[in-house]
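A short write-up of the structure that comes next.
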Amino acid sequence: MTQKKTETGASIVWFRRDLRINDNLALAAALDAGGDVVCVYIREPQDAFAGAHGAAQAWWLNESLEKLHAALRARGNRLVLMTGRPQDVLDTLIEKTGASAVFWNRRYDKASRDADAAIKQDLKARGVDARSFEGFLLHDPMALTTGQGKRYSVYSPFWRAFEARYTPPDAIDAPKKIRACAAAPDGEDLTSWGLLPTKPDWAGGFREAWTPGEDGAIAALETFLDDAVKGYKKNRDIPGHKTTSRLSPHLAFGEISPHRVWRATEGLGDTIPVEDVIHFRKELAWREFSWHLLFHVPDLPSENLNKKFDAFPWADDRKGLSLWTRGLTGYPIVDAGMRELWRTGWMHNRVRMIVASFLIKDLLLHWTEGEAWFRDTLVDVDLASNAASWQWVAGCGADAAPYFRIFNPIRQGETFDPDGTYVRRYCPELARLPDRYIHKPWEAPREVLSQAGVRLGDTYPKPMVDHDRARKAALAAYSEITGSNPGDET
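Following the numbering used here from start to finish, the sequence shown increments by one per residue and tops out at 485.
Structure representation (structure tokens):
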């Protein structure tokens, strides 16, 4: 293809997981270049890169693209939607607009890196200014290594190294105007992409729970700083109350820069306990550590990091998996978590660990079963964090909890949801049970169950497994690959 150049010097900004106009280095580069700006989002083939959207994130993507389009229109521009291989789409846009530059913010899974490198090389060879920028993460995964030049395998030293080196860059404010290119094509209609559910419309709870888009992200950050960051270290484990930031889906879609989130915590230690600020920053850094791992270990979402687990005798229990996904295990804290996920596209982090432990260690199902379910049903699914966290619970990942640390779903419920607020919200059939039985309804006397309107095996399932027996079976399976049989339960 012959590269056309015009006097406009148009620049293409290729939006991906950076659906914002504040703190957007690619957009800033286009504005600095002068001339017209073409803003495009490309719907890539589903197998184009490992971060393809699941059904829940498809809903969010639809809402976020609408909000980005509105923000661009308010500044005199618009978002062009196109489908196809990025190389082909960008070539088409260059030919139609005479653009002389293409800018984008980086993605870090291997498939995306390889594709982006090929595109950049091809564009530069044809005289197009092709540049990529940081923006999805706080750090560039290739730039942070141990003293021996290797990747970090343990979170704590990673955190220390990251904290010592990281300084947030200056903020980039949203532009007031973005000059449009008259030659830009109309693009496709968002409704034709079929991102929203039809019948049944399962996204009603999503709409109640979330406000996708950059404005929603900024509002969520402000609410967290006003209401929840004080006491965060202690309260973040309580699922029945709003004690977390709920920024994860906004970060996953790049509706807010992680740099902006970090900058917003600066100075907070003067007015609230500094340990709350540090603990929140450590949660941001876990996301960074996860991407650090995925960058260096591309098969993290599908392969055990600890290869010893390749010999683990996993079960093949399709019925058990189905009961787990539907929140019908008979363990209230597990069921509440799975139902929260289905209703809102999100689950409290403490409960994520509980339901993951149950799947892996009570049902002996492979962690990739849970990773895949979360990838499809979470609005905030992050390829690296999802994989790293599942491997952490399974005991086969980096800096992992040992496999024999098995979460007791009763004890976890009683510790972190002592009054049953969370369980009653998502398992309303148990709402009238007294607190002492809310996490173990099978122990309630018959008359108590009757008064609460609970019929085990009918209105609410009996436990699908006996936890004590399941724990022993899990430890026995673990001993097969290690030759030891320790025990630890939380």
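Glycine residues also receive a C-beta, built at the ideal position from the N, C-alpha and C atoms.
Only a predicted model underlies this, so the values are computations on that prediction, with no experimental measurement involved.
In angstroms, rounded to a whole number, what distance separates the CA positions of Gln386 and Val32? 42 Å
Give every residue of the same chain whose Cβ lies closer than 7 Å to the Cβ of Ala45, excluding the five residues on either side of it in the sequence, and list them in chain order. Bear in mind that the predicted position of Ala45 carries a pLDDT of just 49, short of 50, making it unreliable; the figure below should be weighed with that in mind. Closer than 7 Å at the Cβ level, and outside the excluded window around Ala45, lie Asp104, Ala106, Pro296 and Leu378.
Buried versus exposed, by CB contacts within 10 Å (16 or more), Thr206: exposed
Find the nearest neighbour of Phe304 within the set Leu359, Leu318, Ala259 and Glu209, judged by alpha-carbon distance. Leu359
Is the separation between the beta-carbon of Glu209 and that of Ile251 shorter than 8 Å? yes
So who's on the other strand from Arg38, going by DSSP bridges? Thr78
Would you kindly report the start and end of the unbroken beta strand (DSSP E) that includes Phe10? Ser6 to Phe10
Alpha helix (DSSP H) segment containing Phe131, residue limits: First-last for Phe131: undefined, no H or E at that position.
Taking Cβ positions, are Gly325 and Pro456 nearer each other than 8 Å? yes
With respect to the alpha helix (DSSP H) encompassing Phe290, which residues constitute its N-terminal and C-terminal limits? Val269 to His291
Extent of the continuous beta strand (DSSP E) to which Trp99 belongs: Ala96 to Asn100
Name the two residues that bound the continuous alpha helix (DSSP H) containing Asn57. Ala50 to Arg68
Continuous alpha helix (DSSP H) assignments of at least 4 residues falling wholly in the segment 404 to 478: 404 to 411, 416 to 421, 441 to 447 and 462 to 477
Give the DSSP bridge partners of Ala124, in chain order. The amino acid at residue 124 is misidentified as Ala; the sequence shows Asp. Bridge partners of Asp124: Ala96.
Is the segment 392 to 399 touching the segment 137 to 154, taking contact as three or more C-beta pairs under 8 Å? yes
Verify whether the separation of the beta carbon atoms of Pro268 and Leu425 is less than 8 Å. no
Cβ distance (whole Å) where Asn19 is taken to contact Ile173 below 8 Å: Going by Cβ atoms, the distance from Asn19 to Ile173 rounds to 11 Å, so no, they are not a contact pair.
Taking its Cβ as the centre, do 16 or more other Cβ atoms sit within 10 Å of Met342, making it buried, or is it exposed? buried
Drop a sphere of 10 angstroms on the beta-carbon of His245, count the other beta-carbons inside from all chains shown, and report buried for 16 or more, exposed for fewer. buried
In the structure shown, what three-state DSSP assignment does Val256 receive? helix
Go ahead and pull the three-state DSSP assignment for Val32. strand
Hey, Arg12 and Gly249: beta-carbon distance below 8 Å or not? yes
Confirm, please, whether the CB-CB distance from Ser243 to Ala223 is below 8 Å. no
For the structure I just gave you, are there three or more beta carbon pairs, one from the segment 88 to 98 and one from the segment 179 to 188, closer than 8 Å? yes
For Ala178, write down the residues that DSSP places opposite it in a beta bridge. Beta-bridge pairing links Ala178 to no other residue.
With DSSP collapsed to three states, give me the class of Arg15. coil
Classify Gln407 as buried or exposed, calling it buried when 16 or more other Cβ atoms lie within 10 Å of its own Cβ. buried
For Arg345, the three-state DSSP class (helix, strand or coil): helix
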